[in-house]
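**Q** In the working numbering, the protein residues as written are 240 to 499. Beta carbons are placed, not taken as given, at the ideal position from N, Cα and C, and that holds for glycine. Just so we're clear, the structure is a prediction, and the values are computed from it rather than from any experiment.
#1: What do you reckon, are the CB atoms on residue 395 and residue 247 nearer than 7 angstroms?
#2: Please report how far the alpha carbon of residue 325 lies from the alpha carbon of residue 497, in whole angstroms.
#3: Which complete alpha helix (DSSP H) runs does the region 374-451 hold, if anything under 4 residues is left out?
#4: Per the contact definition of three or more C-beta pairs closer than 8 angstroms, is the region 262-269 in contact with the region 344-356?
#5: Suppose you measure from the CA of residue 440 to the CA of residue 485; what does that come to, to the nearest Å?
#6: In whole angstroms, what separates the C-alpha of residue 481 from that of residue 472?
#7: How big is the Cα-Cα spacing for residue 421 and residue 443?
#8: Does the Cβ of residue 368 have 16 or more other Cβ atoms within 10 Å, making it buried, or fewer, making it exposed?
#9: For residue 364 versus residue 389, is the C-beta spacing smaller than 7 angstroms?
#10: What does residue 283 pair with, by DSSP beta-bridge criteria?
#11: Residue 388: beta carbon under 6 angstroms from a heavy atom of the ligand NAP?
#12: Please check the pair residue 188 and residue 383, which I expect to be a contact at CB under 8 angstroms, by giving their CB distance rounded to whole angstroms.
#13: With a threshold of 7 angstroms on Cβ separation, who are the neighbours of residue 258 within its own chain once the five nearest residues in sequence on each side are excluded?
#14: Am I right that residue 277 and residue 340 are in contact with their C-beta atoms under 8 angstroms? What's the rounded C-beta distance?
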């Protein structure tokens, strides 16, 4: 394919590519938790760091293809939040601001997920999950890590299948009829069929290799950067929290520091 899909691994030598996958997981989870209480200040604070990471990974990539569904989802989130707030007699400006920030929160989380999948070798995802989960007692770490790894592996397969069906429909003027429900059915059923076939092929391939969840414990590559990214992550989080702690008592009433 000439264009690169979102959520598809792209080999490279950027700092994010060389960072230990466990640090990337921790960073994604931590930032997502920080964005539960979203504010303009937090979004603006995190923006330059995400841009730097994105530009570093972007050097190794071709053009990015964003599925229409992913572009529409923030709009749906905005509309849903806006309507729910309006129904509770919230002011229009307040409802618009809250809905907009929550949509941006979704975009940030989606952005981090994209950076994670773009820079993480699928062969290392299962070992990373296993190394994290194996310390939790009574938890089937092998089974869960395998399922997580397979789920992330199937995402680009689903998107690739979607693009192929979309192109096939376009070549047959399938989008000329302005019937969204009909188009959705004609695209959804072949997509479901194609994904199930590829999932079955993957299952057969694993079975032919005598795969079991009791196999040898997966190991991570020892060449990944660990300490430097970990310290950088802790420094960024500490800087954010300290800045809020120092500025919030003075500017708590100001718009950028309000939580939504």
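**A** Working from what's here:
#1: yes
#2: 19 angstroms
#3: 380-410 and 419-447
#4: yes
#5: 56 angstroms
#6: 14 angstroms
#7: 33 angstroms
#8: buried
#9: no
#10: Paired residue(s): none; residue 283 is not in a bridge.
#11: You won't find the ligand NAP in this model; it holds no ligand whatsoever.
#12: Absent from the model: residue 188. The displayed extent of the chain is 240 to 499, so no value can be given.
#13: 463, 464 and 468
#14: 5 angstroms
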